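First to last, the sequence lines map onto chains A and B.
Following numbering that gives the first Met the number 0, the numbering of the first sequence begins with 0 at its first residue and continues without gaps.
Following numbering that gives the first Met the number 0, the numbering of the second sequence begins with 0 at its first residue and continues without gaps.
For every residue, glycine included, the Cβ atom is placed at its ideal position computed from N, Cα and C.
Model, not experiment: these values are computed from the prediction.
In what follows, a structure is listed as structure tokens, so that the remarks can point back to it.
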Amino acid sequence: MTPVGTISRRELLVATAGAALTMAGCHRAPYRRAEFHIPSSSPVVALSAPNYDVDFGDLITRGLRELQIDVRGKRVLLKPNLVEYEPGTVINTHPRVVVGAVVACRRLGAESVTVAEGPGHRRDLEYLASSTGLDELLRGEHVTLVDLNHDDVHRVALRTWFTTLREVAFPQSLLDAEVVISMPKLKTHHWAGLTCSMKNLFGVVPGAVYGWPKNVLHFHGIVESILDLNATVRPHLAIVDGVVGMEGDGPIMGTPKAAGVVLMGADLVAVDATAARIMSLRPERVPYLNEAGRFLGNLSASRIPMRGERLERFVSPFEVLPAFSSLRV
Amino acid sequence: MAVDVSSARTQLIARLYQQRNADGGWPYYAGRKSRLEATSWALLATGSAVTTTPLPTWKRAGGFLVEPSTGEVNIAFNALAVLCARGAGGEYTALFDGVTTALIESRGVAVAQNPYARQDSSLQAWSWTSGAFSWVEPTAWALLALKRWAAPSASVRVRIATGEAVLRDRACPGGGWNYGNPEVYGKALPGHVPPTAIGVMALQDRMNEPRVGQAVAFLERQALLEGSTTALALSLLALWSVGRTPSRLVDALVAHATRSESFGNLAAMAMAAYALGCAESGSPSSVFTLAQEPGR
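So this is what it looks like as structure tokens:
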């Protein structure tokens, strides 16, 4: 939501993203530069998954090994994207992909694996987990589903100051995890252009503290909130469900778009930039990615070596709303 | 199989007592810290006295109770606490009178009209947290709390009128409410059962309005389909408040709440236990049902 005035939310979003860029580029950056280091190279793995009958345990194990992600003896928290449920739609990270990640992390020696989400629209996790089938699959694997909206919280100072929040009450389960894995759905987004592993962190902000639909983040700016949350939480890995994504009026009302891919990487900026390229969008024109590429991770394809399959085989233009046509390649 | 409402309620109440915190409050999930929403529902469900909970010791900010474990004021749950604590007994009336006064003075901020969302963003009802925009659930709880407990005055009438306007404005085209966006980019968004139930309770004295009738029809159509403990319990309370007798929902709640134990969510269990208590006594909730002449 925008403050009172005459500009639209979209205009404000673009304007505030521009303001953030100005802050970072011409004036003092809203963070301590010494605290952030962009790696020289951020490999991303693209694995073929033409449908949801694939053995995702095997697939994700392969990706973890390729990226040399070490989860041995660690408490792992998987954060899928679980927002809404409408029969026949593709809003959420598919439960089979989530369970595949559980299997893979256990196979590679994780001490514990928890699935955790704080849905941004519906506060009724019981309904969402049951209706999507996630609950049934997780029970089959004896995995705990943590309700981040209603978890205990601990206030944490933000590591960047793109918003004026300064600190956020984060769920204790998130803070207790040694490895945090963002597991988004590959979707367009009617306010942010695209939503992937970085925007997925909106779900760790507890609704029982800040309300639904996580309005405090919209109020402080979607772009700015994405940056502050990611700079502070610093997830260790992203696993993107791009088997069937969403195009058009995402993240809820769009239409299914098959891409047949699972993307994985430890640099979430690089993963989201790669996701954008798959969707035939220019990552440097997505405001949150453009800014994140300055301090948080790699945006340039030249610094994102692809592993697994060739990226070109998955590239397929996603329809975007007219307001985001400038993102198109 | 005969539905045993009494046994189901007893089972849920026992679980609530088992998982009550040492400070006398209730967490959302066992072993966690006491929270305002869970404690409010559990007060009602168990009939516990407010004095046995930590609520009277919590700090206040602008008249609202501050949750110690979060350091924040949640306006929606403060309104719920007024309803539950005052409904549970007459103790600490001054404490909850203070919250009621804070509700009268609180208002969400106005924001610029978003050309892509069909809603009147200039209306200032109630937000989840101070300094934020108005949404359905905090508006509905605050509206019901004021209708139920605020002494009639011009300022209360204005706040009630604004709250009702927001609920009318945010009603989904297909009936009911979601969190508060009825239509975005020209597409109607669907209603959700829990906020619809709370909205119906808040507008139960406006049954002659088409949107309220549509919301009731939405609940009657959707409650069993959503079927969670929260959806069923809130729907029962809402439908009773407008004179319906949804016996199928009672059967479903008994079966569901005892089987699923609501994912361990104690607030949901407490809602269910309270709703089943009403079903057992055969009378609608006096807490969430307005008298013929609401206090305005």
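Starting from the Cα of residue i, find the closest Cα among the options and give me that residue.
i      : options                        : result
B:E136 : B:N77, B:D119, B:A187          : B:N77
B:L94  : B:R147, B:K32, B:T50           : B:T50
A:N91  : A:V145, A:D227, A:H36, A:T194  : A:T194
A:L288 : A:M197, A:E34, A:F313          : A:M197
A:V98  : A:R61, A:G56, A:R106, A:L124   : A:G56
A:G62  : A:H36, A:V96, A:G87            : A:V96
A:H149 : A:N50, A:R293, A:S172, A:P234  : A:S172
B:G130 : A:G220, A:R309, A:G259, A:V215 : A:V215
A:V204 : A:S315, A:R122, A:R64, A:L107  : A:R122
A:S40  : A:G307, A:L280, A:A269         : A:A269
A:L320 : A:L66, A:G249, A:Y51           : A:G249
B:A222 : B:A254, B:P245, B:L202, B:R210 : B:P245
A:D146 : A:A128, A:L136, A:R138         : A:A128
A:T187 : A:R327, A:L46, A:A28           : A:R327
A:R64  : A:P38, A:V75, A:R106           : A:R106
B:F198 : B:T100, B:S259, B:F287, B:L64  : Contrary to the premise, residue 198 of chain B reads as Gly rather than Phe in this sequence. The candidate whose alpha carbon is nearest that of B:G198 is B:F287.
B:G24  : B:S152, B:A48, B:N177, B:A272  : B:A48
B:G46  : B:W239, B:T138, B:A13          : B:A13
B:T38  : B:S284, B:D250, B:Y273, B:P194 : B:Y273
B:T138 : B:R147, B:Q123, B:R220         : B:Q123
Residue range of the alpha helix (DSSP H) that residue i falls in?
i      : result
B:K146 : 135 to 148
A:M216 : A small fix is needed here, since residue 216 of chain A is Leu in this sequence, not Met. Per DSSP, A:L216 belongs to the alpha helix (DSSP H) from 214 to 218.
A:R138 : 133 to 139
B:S6   : 4 to 17
B:V81  : 74 to 87
A:E290 : 286 to 291
B:L94  : 92 to 104
A:G206 : 206 to 209
A:K108 : A quick correction: the sequence has Gly, not Lys, at residue 108 of chain A. No alpha helix (DSSP H) holds A:G108; DSSP gives it neither H nor E.
Looking at the secondary structure, which residues open and close the beta strand (DSSP E) in which residue i lies?
i      : result
A:R74  : 74 to 79
A:R345 : Shown here, chain A extends from 0 to 328; a query on residue 345 of chain A therefore has no answer.
A:M182 : 178 to 182
A:E166 : 166 to 170
A:D227 : That residue, A:D227, is in no beta strand (DSSP E); its alpha helix (DSSP H) goes 221 to 232.
B:T128 : Where B:T128 is concerned, there is no enclosing beta strand (DSSP E), given that its DSSP letter is neither H nor E.
A:G307 : 305 to 307
A:G56  : Premise fails: A:G56 lies in the alpha helix (DSSP H), 55 to 66, not in any beta strand (DSSP E).
A:V112 : 111 to 116
Is it the case that the Cβ atoms of residue i and residue j are separated by a distance below 8 Å?
i      : j      : result
A:M305 : A:V43  : yes
B:T128 : B:I74  : yes
B:L265 : B:Q10  : no
A:M263 : A:L236 : yes
A:G202 : A:N80  : yes
B:G276 : B:R8   : yes
A:H189 : B:V110 : no
B:V270 : B:V241 : A quick correction: the sequence has Met, not Val, at residue 270 of chain B. For B:M270 and B:V241, no; Cβs fall outside 8 Å.
B:S234 : B:L224 : no
B:V98  : B:G62  : yes
B:W134 : A:G307 : no
A:G192 : A:F317 : no
A:V70  : A:A109 : yes
B:T228 : A:E85  : no
A:P255 : A:V152 : no
A:A230 : A:R158 : yes
B:L35  : B:A84  : no
B:L82  : B:A44  : no
B:A141 : B:W125 : yes
A:P94  : A:T143 : no
B:S282 : B:G86  : no
A:L185 : A:V239 : yes
A:I303 : A:T273 : yes
Give me the DSSP bridge partner(s) of residue i.
i      : result
A:L262 : A:A45, A:V239
A:E246 : A:T254
A:R327 : A:L280
A:V145 : A:A115
A:H188 : A:G192
B:V157 : According to DSSP, B:V157 bridges with nothing at all.
A:T159 : A:Y30
B:V108 : B:F132
B:A116 : B:V183
At what residue ranges does the region 159 to 240 of chain B contain a whole run of the beta strand (DSSP E), taking only runs of 3 or more? none
Could you name each continuous beta strand (DSSP E) segment of 3 residues or more that falls completely within the region 252 to 286 of chain B, going from the start of the chain to the end? none
Which full runs of the alpha helix (DSSP H) of 4+ residues lie inside the region 31 to 71 of chain B, going along the chain? 35 to 45
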